[in-house]
Every structure is written in structure tokens, then in C-alpha cells.
Amino acid sequence: MARDVYAYRDVAVESCWRDGQVKICPVPGQAYSNSLLVHCARSMSDTETYPLGTQFLVSAKLTDRLGGTPFLYVYHGDPVKVLTPKECDTFLGKFIRGRI
């Protein structure tokens, strides 16, 4: 089955501490709640490579697994870009002006 590229959107995410583990969640100020979890490459939550609070730009889609809890899914083969705080603010500023 081919991957539906139109279901994916650019989303700014960051590593955060939740439930005793490092998790990846959306940066506040977007269409997605920051309580939503992101399923992505495990390397993004490795604090030896990326310190806690590192922000990334990923291509993700909202999904659930057979009616379960919704989450954002990032395809493991897609590129991941590390964002500086200024780049993240610029991205969120474009989003607020209607970029979705």
C-alpha cells in the first residue's frame, strides 16, 4: 500500500520529560495539543545525542491504531531537522498566519 503524502503535515515537536521517560510531543501553538504523543525514531529521544528540550521539524500525520488513542506518526525514513529556538518561532509564526 502506498503512503498518502497528503495526510502528512510539517509539525514542530520537542523532547520532553513525561511519565518518567523522554517523550516527543508537539510544540505548543499549533493545531495539535502538546499532550499528544509522537511515534517517531527512537534516536530523537536519545538525550546523549539531543538534549532534553531539543526541537525538531518533522512531517507527521494524525492517526490512531484501530480506534485507540490518537497520536502523531512520523515515518521512520523521513528526514528530521533540528530547529534552533529562532527557527521554531519563525515556523510557529508562519503557522499562526494560516500555514497549515
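Take 99 as the starting number for the sequence shown in the working numbering and just add one per residue.
Cβ coordinates follow ideal geometry from the N, Cα and C atoms, glycine included.
Rounded Cβ spacing between residue i and residue j (contact assumed at less than 8 Å)
i: residue 189; j: residue 110; result: 5 Å
Beta-carbon proximity check, residue i vs residue j, cutoff 9 Å
i: residue 159; j: residue 148; result: no
i: residue 164; j: residue 120; result: no
i: residue 153; j: residue 181; result: yes
i: residue 156; j: residue 176; result: yes
i: residue 131; j: residue 122; result: no
- Task: Report the residue ranges of all beta strand (DSSP E) runs contained in full by the segment 112-178; include only those spanning at least 3 residues, in chain order.
- Result: 119-124, 153-161, 169-172
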